[in-house]
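A.B. asks: With mature numbering (1 follows the signal peptide of the UniProt record, and there is no 0) as the guide, the letters of the sequence shown map in order to residues -22 to -1, 1 to 129.
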Amino acid sequence: MQLRPLVLLTLLGFLVACSSEAPKPAAPVPAPAQEKKVPGIEEVGPLPAYQREISGNLTNVPAGAEVEMALLVIDERSRPQQLLASSVLTGNGKPLAFRLRFNPEAFPAGARVELRGRASQSGQLILHLPAVRITQAITQTTGPLQLVKAP
């Protein structure tokens, strides 16, 4: 017997075996009950030892607005140079809690670091957070911060 027909037959059998459909699960497993989450607050677990956190509350955020918060290194011309941390939240009409975690080793010594934020609704900028200067790479709370109308 020649080797070529045997190899072709084996290859054909292998391709047929691989092309069959995967077995379907016997019965769908019901999804576990989800915990109720408060809109705008993301659960990220305990703070690891190698990270620091800036937290606070944003006031004056309309319901449904998308809020972007960022911790940025700023140059002498007030331009962002490096992103240290960021978060996107959704407004709920109440004070909106935020938490930004960052690596303190990435925090440049002697550089200007600012917390900035903006809120948009339907893709249009409606509010912004006046820059808040962050001087130390430690865990801190800013307290309530108010967003103001965007120019």
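All residues carry an ideal CB built from backbone N, CA and C; glycine is no exception.
(1) Name the two residues that bound the continuous beta strand (DSSP E) containing Pro58.
(2) What is the DSSP secondary structure of Pro73, reduced to helix, strand or coil?
(3) Just to confirm, is the Cβ distance from Phe76 to Leu125 under 8 angstroms?
(4) Quick check: is the beta carbon of Leu(-20) nearer than 8 angstroms to any beta carbon in chain B?
(5) Work out the CA separation of Gln60 and Gly23 for me, nearest whole Å.
(6) Using the Cα positions of Leu78 and Thr(-13), report the straight-line distance between them to the nearest angstrom.
(7) Quick check on this structure: which residue in Leu123, Ala87, Phe85 and Gln(-21) has the alpha carbon closest to the alpha carbon of Lys72?
(8) With a threshold of 6 angstroms on Cβ separation, who are the neighbours of Glu13 within its own chain once the five nearest residues in sequence on each side are excluded?
(9) Ordered along the chain, which non-local residues of its own chain (more than five positions away) have a Cβ less than 7 angstroms from that of Gln118?
(10) From which residue to which residue does the beta strand (DSSP E) around Ser33 run?
(11) Are the segment 97 to 106 and the segment 47 to 58 touching by the rule of at least three beta carbon pairs closer than 8 angstroms?
C.D. replies: According to the data block:
(1) First-last of the beta strand (DSSP E) with Pro58: Pro58 to Thr68.
(2) It is coil, neither helix nor strand.
(3) In this structure, Phe76 lies away from Leu125, with their beta-carbon atoms at least 8 angstroms apart.
(4) Protein chain content of the structure displayed is limited to a single chain, and chain B is not contained in it.
(5) Rounded to whole angstroms, the gap between the alpha carbons of Gly23 and Gln60 is 26 angstroms.
(6) Rounded to whole angstroms, Leu78 and Thr(-13) show a C-alpha spacing of 58 angstroms.
(7) The shortest C-alpha separation from Lys72 is found at Leu123.
(8) Bear in mind that a pLDDT of 39 at Glu13, under 50, signals an unreliable position, so the model cannot answer this.
(9) For Gln118, the CB contacts under 7 angstroms within the same chain, skipping 5 residues up- and downstream, are Ile32 in chain order.
(10) Arg30 to Thr37 is the extent of the beta strand (DSSP E) around Ser33.
(11) With a cut-off of 8 angstroms on Cβ pairs, the segment 97 to 106 is not in contact with the segment 47 to 58, counting fewer than three such pairs.
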